[in-house]
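S.K.: Please find one structure pasted underneath; my questions will follow.
Residue numbers (the working numbering), protein chains in the order written: chain A, 506 to 817; chain B, 25 to 483.
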């Protein structure tokens, strides 16, 4: 079959000139925007995308005696065989779930409480936000040396003893390690979440609460039927951000448990990456672990976004 | 300038600034350290930090004196922290290629340094012309930095482990400080008495976190006559009676006698902080631990003494030894390597200069009389000169180290892949110190499997 294509003669020079001019004008008009964009893109490219791509490449390589070779999946095989690999994932998921239950719910209810208060609002907001301003290392050292001291002199043990409750070994007890890390982490980080929730709560029209009250709704009913639906978007976004952040938990085990804790009870994936990269002369294994974590978080985020978008 | 123009200019300036700064970051220096007038410049790390005022002043004075004696050499000093080689920082510098020309590293770092491709082979330069005392340097220390017949670093510090103990707490517990424990059973008895005399004190303390627990497990199994790896280095060799004894001794003291205090998961600084505060009766450590207790953690020399490492049925069968040295960055010119060696020789390997300038250290309340480093071969002229000068200027009571010096135990080095193995052994150490029901057999079996997996994976 013959294919006939009809072409219309075009005077390229005359048609291209106005197009070029239009393009040029468009670029000139948006020059400021493009320039700012270039800066942002350059920053992302250099400090985020390049390391990411470099990490992925490194995860398939091995450097010995200054010579880098491609080793296929060797690094992945090795890190999967690392005896701490599965405990690290188990701990990380456990921390994330606990942090979601405690660290997600507590700031929300604190925000509701602060929103309901009539007096000392500003003072209490500062008080809640104060820990965020402390450097994480300082805050964690406070917990380590004063709150989680396993002797009866420790703050938490002194309180437990005063209440005639059994004391704990805190970071020295495998069972208490993760809850203790979550308590410290929640205390340190909840200020930001509380402020975001507060802003969101203040955008809820007062009439909705009035209507609910007229309908005889109590406090819980108002929270369930008005507050939560009205802050659903923020709640959803913060849930995802919190999960992604807590999956990368690192400073808490490093400082509170001096690393792995008792019998790997504090080893998280991020800490394992640090061990491979900086103590075991295995930057390539660390890169492979990083890629596995990136993959897991990417899959989770895609799934979560899809789920929440569908529901919206 | 109108507002839009101003914004454009600002944006350009920002973008240009960012681009330039990034370019500056990525620009690799092609400075070969030589200037037109024939001067050679070398960068050297491990300069004391600002808080170590005397040490820093000494270093700067040494640099000035060295440059005066060698007007064609300029030494640029860099400080990398009090420990000189904090493993994560060191790894980052190696990986980033940002080490100084002459850089400090542990004996166990050789493999990592070679893998990074950052070290120069300095074998052809190691002779009396460049380091006048080289022939007297202990051959065992030289061999630690040698791989495949090539030497990559100059040893400048070494240590071996003993039992560090607090004489004041010994006296308080009715123990004789002149007669420290010689066996682990005696350590246990002494620890019990010390803890009983003062409930706020740990009679004996040990590490169990940050890879230092594995490090001390290694020293303690060496004391039993054991080892971490088989002779061919391919299998773990600590899941045996000697390994069990190490953990059993600790568990007995921690939970049987309650003589190790409740605060565990200790690493280097934690234990020494407690020791300096008078809260630790005994611990395994090298003589330089007393220096750290005094200079970094504000303890007192007169409180401390060091004894040989105890063993199960008498003194230890062997002890753990290690040390540090200066590597030379690959790509240095001949002149830079020679200048670097000359500096290292001056600062670290010359009796009466640098670290061996005892007459200068004596009035500075910096300890003179610590029996390590022992860098020179035992019967060499340099070793004798160093010993005589140290003795003549000693400002610490020689009895602090006399027990340690009286018994020279055989020294074993750290195992291959030490840090990865230590991380595994931390787990066993932390378990017996935090869990009264810890199952030692199971702990050692798990650790053995893990180490064998690591070795098989060639990590």
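Glycine residues also receive a C-beta, built at the ideal position from the N, C-alpha and C atoms. Predicted model only: the values in this text are computed from it and were never measured.
1) Would residue 201 (chain B) and residue 443 (chain B) be called neighbours here (beta carbons separated by less than 8 Å)?
2) Round the Cβ separation of residue 695 (chain A) and residue 608 (chain A) to the nearest angstrom and send it over; I've been treating them as touching at under 8 Å.
3) Does residue 54 (chain B) have its Cβ less than 8 Å from a Cβ in chain A?
4) When we look at the beta-carbon of residue 575 (chain A) and count the other beta-carbons within 10 Å, is it buried (16 or more) or exposed?
5) Taking only beta-carbon positions, decide if residue 753 (chain A) is within less than 8 Å of chain B.
6) So if DSSP puts residue 190 (chain B) in a beta bridge, which residue, or which two residues, is it bridged to?
7) Nearest-angstrom Cα distance between residue 33 (chain B) and residue 543 (chain A)?
8) Which term fits residue 20 (chain B), buried or exposed, when burial requires 16 or more other beta carbons within 10 angstroms of its beta carbon?
9) Give every residue of the same chain whose Cβ lies closer than 6 Å to the Cβ of residue 266 (chain B), excluding the five residues on either side of it in the sequence, and list them in chain order.
10) Whose Cβ in chain A lies nearer than 7 Å to the Cβ of residue 348 (chain B)?
11) On the DSSP letters alone, give me the boundaries of the alpha helix (DSSP H) that residue 364 (chain B) sits inside.
12) Quickly, what does DSSP pair residue 424 (chain B) with across the bridge? List them, please.
13) Verify whether the separation of the beta carbon atoms of residue 330 (chain B) and residue 324 (chain B) is less than 8 Å.
14) For residue 454 (chain B), tell me which candidate among A:781, A:803, A:768, A:799 has the shortest Cα-Cα distance.
15) Count the other C-beta atoms from every protein chain shown that fall within 10 angstroms of the C-beta of residue 344 (chain B), then say buried if there are 16 or more, exposed otherwise.
16) Using a Cβ-Cβ distance under 8 Å, would residue 656 (chain A) count as near chain B?
17) Which of the three DSSP states, helix, strand or coil, is assigned to residue 653 (chain A)?
18) Return no unless some Cβ of chain A is closer than 8 Å to the Cβ of residue 27 (chain B).
19) Starting from residue 569 (chain A), follow the alpha helix (DSSP H) in both directions and report where the run begins and ends.
20) For residue 390 (chain B), count neighbouring C-beta atoms within 10 Å of its own C-beta (all shown protein chains included) and say buried if the count is 16 or more, exposed if not.
21) What does residue 235 (chain B) touch in chain A if you count any residue whose Cβ is under 8 Å from its own?
22) Taking a contact to mean a Cβ-Cβ separation below 8 Å, would you say residue 125 (chain B) touches residue 212 (chain B) in this structure?
23) Let me confirm a value: residue 48 (chain B) is counted as buried when at least 16 other C-beta atoms fall within 10 Å, else exposed. Which label applies?
24) Measuring only between beta-carbons, confirm whether residue 458 (chain B) sits less than 8 Å from chain A.
25) Give the DSSP-derived three-state secondary structure of residue 764 (chain A) in the structure shown.
26) For residue 469 (chain B), tell me which candidate among B:64, B:259, B:83 has the shortest Cα-Cα distance.
27) Work out the CA separation of residue 147 (chain B) and residue 183 (chain B) for me, nearest whole Å.
28) With C-beta atoms as the reference, is residue 109 (chain B) less than 8 Å away from residue 128 (chain B)?
29) If you pair each beta-carbon of the stretch 802 to 810 of chain A with each one of the stretch 705 to 715 of chain A, do three or more pairs fall below 8 Å?
30) By the three-class DSSP mapping on this structure, what secondary structure does residue 182 (chain B) have?
31) Of the residues B:425, B:230, B:368, B:479, which one's Cα is nearest the Cα of residue 87 (chain B)?
32) Given a threshold of 16 other Cβ atoms within 10 Å of its Cβ, counted over all protein chains shown, does residue 6 (chain B) qualify as buried or as exposed?
33) Got a sec: which bits of the stretch 97 to 120 of chain B sit with their beta carbon under 8 Å from any beta carbon on chain A, in order along the chain?
34) Please list the partners that residue 278 (chain B) has in chain A, where partner means a Cβ-to-Cβ separation under 7 Å.
35) So, do the stretch 299 to 316 of chain B and the stretch 364 to 380 of chain B have three or more beta carbon pairs nearer to each other than 8 Å?
36) Extract the residue ranges of the beta strand (DSSP E) inside the stretch 290 to 354 of chain B, only unbroken runs of 3 or more that lie entirely within it.
M.R.: In this structure, then:
1) Reading the second chain from its first residue, position 177 is the one you call residue 201 (chain B). Reading the second chain from its first residue, position 419 is the one you call residue 443 (chain B). Result no, Cβ atoms of residue 201 (chain B) and residue 443 (chain B) do not sit closer than 8 Å.
2) Position 190 of the first chain, counted from the start, is the residue given in the question as residue 695 (chain A). Position 103 of the first chain, counted from the start, is the residue given in the question as residue 608 (chain A). Right, the Cβ-Cβ distance comes to about 7 Å (below 8 Å), so this counts as a contact.
3) For the purposes of this step, residue 54 (chain B) is taken as residue 30 along the second chain, with counting starting at 1. A caution first: residue 54 (chain B) carries a pLDDT of 42, below 50, which makes its placement in the model too unreliable to give a value.
4) The residue you call residue 575 (chain A) lines up with position 70 of the first chain. That one is exposed.
5) Working through the first chain from its first residue, we reach residue 753 (chain A) at position 248. Contacts with chain B at 8 Å (Cβ-Cβ) do not include residue 753 (chain A).
6) Locating residue 190 (chain B) in the second chain gives position 166, where the first residue counts as 1. DSSP output for residue 190 (chain B) lists B:328 as bridge partner(s).
7) Counting from one through the second chain, the residue named residue 33 (chain B) turns up at place 9. Counting from one through the first chain, the residue named residue 543 (chain A) turns up at place 38. Model confidence at residue 33 (chain B) stands at a pLDDT of 41, short of 50, so the residue's coordinates are unreliable; what they give is reported in the following sentence. Cα to Cα, the separation comes out at about 14 Å.
8) Outside the shown range of chain B, which is 25 to 483, sits residue 20 (chain B), and nothing can be said about it.
9) As a first step, residue 266 (chain B) is located in the second chain; it is residue number 242 there, counting from the start. Excluding sequence neighbours, residue 266 (chain B) sits near 245, 248, 250.
10) Here the question's residue 348 (chain B) lines up with position 324 in the second chain. Those within 7 Å of residue 348 (chain B) in chain A number zero; the least Cβ separation is about 17 Å.
11) Taking the first residue of the second chain as position 1, residue 364 (chain B) is located at position 340. That run of the alpha helix (DSSP H) goes 358 to 372.
12) By one-based count along the second chain, residue 424 (chain B) stands at place 400. Note: residue 424 (chain B) sits in no beta bridge, so no partner.
13) For this step, residue 330 (chain B) is matched to residue 306 along the second chain. For this step, residue 324 (chain B) is matched to residue 300 along the second chain. Contact: no.
14) Within the second chain, residue 454 (chain B) is the residue found at index 430, counting from 1. Of the candidates A:781, A:803, A:768, A:799, the one whose C-alpha sits nearest the C-alpha of residue 454 (chain B) is A:768.
15) Here residue 344 (chain B) is taken as the residue at index 320 of the second chain, counted from 1. Buried, by the Cβ-count rule.
16) Taking the first residue of the first chain as position 1, residue 656 (chain A) is located at position 151. Taking 8 Å as the CB threshold, residue 656 (chain A) lines the interface with chain B.
17) Translated into positions along the first chain, residue 653 (chain A) becomes position 148. Here residue 653 (chain A) sits in coil by DSSP.
18) Reading the second chain from its first residue, position 3 is the one you call residue 27 (chain B). In this prediction, residue 27 (chain B) has a pLDDT of 43, which is less than 50 and means its spatial position is unreliable; nothing more can be read from the coordinates.
19) As a working note, residue 569 (chain A) is residue 64 in the first chain. It is not in any alpha helix (DSSP H) - residue 569 (chain A) instead sits in the beta strand (DSSP E) that spans 566 to 569.
20) If you number the second chain from 1, residue 390 (chain B) lands on position 366. Answer is buried; the Cβ neighbour count reaches 16.
21) Position 211 of the second chain, counted from the start, is the residue given in the question as residue 235 (chain B). Chain-order list of chain A residues neighbouring residue 235 (chain B): 764, 784, by C-beta distance under 8 Å.
22) The count along the second chain starts at 1 and reaches residue 125 (chain B) at position 101. The count along the second chain starts at 1 and reaches residue 212 (chain B) at position 188. No.
23) By one-based count along the second chain, residue 48 (chain B) stands at place 24. Reliability fails at residue 48 (chain B), whose pLDDT of 36 lies under 50, so the model's placement of it is uncertain and the value that follows must be treated cautiously. So residue 48 (chain B) counts as exposed.
24) Against the second chain, residue 458 (chain B) aligns to sequence position 434. Output row for residue 458 (chain B): interface = yes.
25) Counting from 1 along the first chain, the entry for residue 764 (chain A) is found at position 259. Of the three classes helix, strand and coil, the one that applies to residue 764 (chain A) here is coil, per DSSP.
26) Your numbering for residue 469 (chain B) matches position 445 in the second chain. Closest option to residue 469 (chain B), Cα to Cα, is B:259.
27) Within the second chain, numbered from 1, the residue matching residue 183 (chain B) stands at position 159. Within the second chain, numbered from 1, the residue matching residue 147 (chain B) stands at position 123. Straight across, the Cα-Cα distance linking residue 183 (chain B) with residue 147 (chain B) is about 24 Å.
28) Taking the second chain and counting its residues from 1, one reaches residue 109 (chain B) at position 85. Taking the second chain and counting its residues from 1, one reaches residue 128 (chain B) at position 104. Result yes, Cβ atoms of residue 109 (chain B) and residue 128 (chain B) sit closer than 8 Å.
29) No, the stretch 802 to 810 of chain A does not touch the stretch 705 to 715 of chain A.
30) The residue labelled residue 182 (chain B) in the question sits at position 158 within the second chain. Residue state, collapsed to three classes: strand.
31) Position 63 of the second chain, counting from 1, holds the residue named residue 87 (chain B). Out of B:425, B:230, B:368, B:479, B:368 has the C-alpha closest to the C-alpha of residue 87 (chain B).
32) Because chain B in this structure spans residues 25 to 483, residue 6 (chain B) falls outside the shown range and cannot be described.
33) Identification of residues in the stretch 97 to 120 of chain B having a C-beta nearer than 8 Å to some C-beta of chain A yields 111, 112, 115, 116, 119, given in sequence order.
34) For the purposes of this step, residue 278 (chain B) is taken as the residue at position 254 of the second chain. Per Cβ cutoff of 7 Å: no residues; residue 278 (chain B) is ~11 Å from chain A at best.
35) Three or more beta-carbon pairs separated by less than 8 Å are not found between the stretch 299 to 316 of chain B and the stretch 364 to 380 of chain B, which leaves the two stretches without contact.
36) If you keep only unbroken beta strand (DSSP E) runs of at least 3 residues inside the stretch 290 to 354 of chain B, you get 304 to 309, 328 to 332, 343 to 352.
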